[in-house]
């Protein structure tokens, strides 16, 4: 039988697209071990681990993979300052780290095994790793940029890529990243979504699933059935009530909303949040991917913009297309 460490599910997608909602939906499923926080494994841990000894890599795992279990609401460590409400004081971090080291000593074929060990160590210590466990889940936005490495290390891996209307996605994201312009965001969303569409073509829909946030929130029961069929697990009532680490999770909306269950309330908010020039900028730059994913464009037209703004949008769209043509 395949080792559980070789059967991951990676949640992919642009930040603020609904990846946290999907993680919350999977969190309490009895057949899955879902890590409660993003690891940023490929962009943060992995570059620092290159060329290091195994002991140094283990020390890095303390710093960048299992550090979250030091978080507590009453005496937060420095690295918790951006997440004051998170509390994992009921999870003994020393036991998680000891179990991680035991798993690494048992098998370490590549650096991806460090991530697998972190997932299973969390599962072991919390009791989430049982005879029923079939897969583990890691969610970090932009995981789609590392799918080649994912399938090389974990041939049995599955990827679920959440896509959201780029206009709503921008309306939410810029409340967190105020310095981002519509042009910057549109280019980032285009790259993320283009990669997702290409991955599905290359690896197949049975390994790489694309789901629209809007479909998920408007018909959650139907989408959950599709997700379960894709993952090879049974549907469970817990999936309709998102959690984090087994505790009730009310979302991470940048509009300060709290939800007890899956909600479609944020859909279409861009109509009140974006300026016409921002809407047009996103629709022009992201048009190919919006069309592919059936996102209808607004009545705003490029010709409605002032000449200077219109020229910037056209130039940016051409540059992005040229870059994609040259670099793929």
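In the working numbering, the protein residues as written are 45 to 372. Backbone N, C-alpha and C define an ideal beta-carbon position, used for all residues, glycine too. The structure presented is a predicted model; accordingly, all values stated were derived computationally and were not measured.
Rounded to whole angstroms, what is the Cα-Cα separation between residue i and residue j?
{"i": "residue 317", "j": "residue 116", "result": "35 Å"}
{"i": "residue 281", "j": "residue 337", "result": "29 Å"}
{"i": "residue 132", "j": "residue 185", "result": "22 Å"}
{"i": "residue 134", "j": "residue 140", "result": "12 Å"}
{"i": "residue 226", "j": "residue 240", "result": "21 Å"}
{"i": "residue 200", "j": "residue 56", "result": "16 Å"}
{"i": "residue 99", "j": "residue 137", "result": "18 Å"}
{"i": "residue 238", "j": "residue 182", "result": "21 Å"}
{"i": "residue 118", "j": "residue 232", "result": "37 Å"}
{"i": "residue 283", "j": "residue 194", "result": "26 Å"}
{"i": "residue 327", "j": "residue 202", "result": "30 Å"}
{"i": "residue 352", "j": "residue 360", "result": "12 Å"}
{"i": "residue 371", "j": "residue 128", "result": "41 Å"}
Assign residue i to one of three DSSP states: helix, strand, or coil.
{"i": "residue 400", "result": "The displayed coordinates of the chain run from 45 to 372. Any statement about residue 400 would go beyond what the structure contains."}
{"i": "residue 371", "result": "helix"}
{"i": "residue 356", "result": "helix"}
{"i": "residue 247", "result": "helix"}
{"i": "residue 318", "result": "coil"}
{"i": "residue 254", "result": "strand"}
{"i": "residue 210", "result": "helix"}
{"i": "residue 303", "result": "Confidence at residue 303 is low in this model, with a pLDDT of 43, below 50, so its placement is unreliable and the value that follows should be read with caution. Correct three-state label for residue 303: coil."}
{"i": "residue 277", "result": "coil"}
{"i": "residue 288", "result": "strand"}
{"i": "residue 310", "result": "coil"}
{"i": "residue 78", "result": "strand"}
Should residue i and residue j be called a contact, given that it needs their Cβ atoms to be closer than 8 Å?
{"i": "residue 356", "j": "residue 324", "result": "no"}
{"i": "residue 362", "j": "residue 234", "result": "no"}
{"i": "residue 165", "j": "residue 143", "result": "yes"}
{"i": "residue 206", "j": "residue 110", "result": "no"}
{"i": "residue 48", "j": "residue 180", "result": "yes"}
{"i": "residue 313", "j": "residue 230", "result": "no"}
{"i": "residue 204", "j": "residue 163", "result": "no"}
{"i": "residue 266", "j": "residue 209", "result": "no"}
{"i": "residue 9", "j": "residue 310", "result": "Beyond the ends of the chain as shown, which are 45 and 372, falls residue 9; an answer cannot be given."}
{"i": "residue 71", "j": "residue 286", "result": "yes"}
{"i": "residue 159", "j": "residue 277", "result": "no"}
{"i": "residue 262", "j": "residue 58", "result": "no"}
{"i": "residue 86", "j": "residue 187", "result": "yes"}
{"i": "residue 329", "j": "residue 65", "result": "no"}
At a cut-off of 7 Å, would you count residue i as near the ligand NAD, judging by its Cβ distance to the nearest heavy atom?
{"i": "residue 92", "result": "Absence of the ligand NAD from the depicted structure is noted, as is the absence of any ligand whatsoever, leaving it without description."}
Quick one: is residue i near chain B, going by C-beta distance under 8 Å?
{"i": "residue 357", "result": "The structure shown contains no chain B, having only a single protein chain."}
**Minimum length 4: unbroken alpha helix (DSSP H) runs contained in the segment 85-129** = 90-93, 98-108
**Request:** Ignoring anything shorter than 4 residues or poking outside the segment 134-208, list the alpha helix (DSSP H) runs there in chain order.
**Result:** 137-150, 156-170, 191-197
**Prompt:** Quick one: any contact between the segment 242-259 and the segment 282-291, if contact means 3 or more CB pairs under 8 Å?
**Reply:** no
**Message:** Quick check: the segment 213-229 against the segment 78-89, are at least 3 beta-carbon pairs closer than 8 Å?
**Reply:** no
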